[in-house]
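Student:
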Amino acid sequence: MWGKESSGGRAEVRFIGWVKKPGEDLAEVEILDEFREGLRGIDEFSHLIILYWFHLRDHEEERRTLLVFPRRHAVTVEKGVFACRSPSRPNPIGLCVVELIKIEGTTLTVRGLDAFGGSPIIDIKPYLPRADSFPDARVPEWTLRGPKT
397 MWGKESSGGR
407 AEVRFIGWVK
417 KPGEDLAEVE
427 ILDEFREGLR
437 GIDEFSHLII
447 LYWFHLRDHE
457 EERRTLLVFP
467 RRHAVTVEKG
477 VFACRSPSRP
487 NPIGLCVVEL
497 IKIEGTTLTV
507 RGLDAFGGSP
517 IIDIKPYLPR
527 ADSFPDARVP
537 EWTLRGPKT
């Protein structure tokens, strides 16, 4: 049962691979062989959503952080972690939309991945423009400065 009664409960996340070669220009993601069949048809998509684990931030102090200065956007006022994309958060999960360049076996070559080498991959989902893009979405002014993520 989920809800108030289960707050603070535990769930199991199974990593499906890792970042083999980091790089925002070109990166390689290696998927474990046991998940190979899950890649069938992925080459039909130009872009993917990759969920990964901020493994270098996975310790209690970082998980308790709730206020941060979004440094990549030069913000000088603290923001809540749920209002920004800080790697310090209760569950250190990263999300990135990438361009799929090629797939060879269980290795995906992608463009635009902002994860470090060795970062565990949680999941991969296809990017669907009609579901995942909201061009008229409202965002704070500070998010318009700095890098895309």
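Residue numbers (this note's numbering): 397 to 545.
Here a beta-carbon is modelled for each residue, glycine too, at the ideal position from N, C-alpha and C.
Model, not experiment: these values are computed from the prediction.
Could you tell me the distance, in whole angstroms, from the CA atom of residue 502 to the CA atom of residue 473?
Tutor: Approximately 43 angstroms between the Cα atoms of the pair.
Student: For a test of the three-state rule: what should DSSP assign to residue 421, helix, strand or coil?
Tutor: Residue state, collapsed to three classes: coil.
Student: Contact defined as beta carbons within less than 8 angstroms: I believe residue 426 pairs with residue 413. What is the distance between those atoms, to the nearest angstrom?
Tutor: Right, their Cβ atoms sit about 5 angstroms apart.
Student: Please determine if the stretch 458-468 and the stretch 439-447 are in contact, where contact requires at least 3 C-beta pairs separated by less than 8 angstroms.
Tutor: The stretch 458-468 is not in contact with the stretch 439-447.
Student: Classify residue 444 as helix, strand or coil using the three-state DSSP reduction.
Tutor: Three-state result, residue 444: strand.
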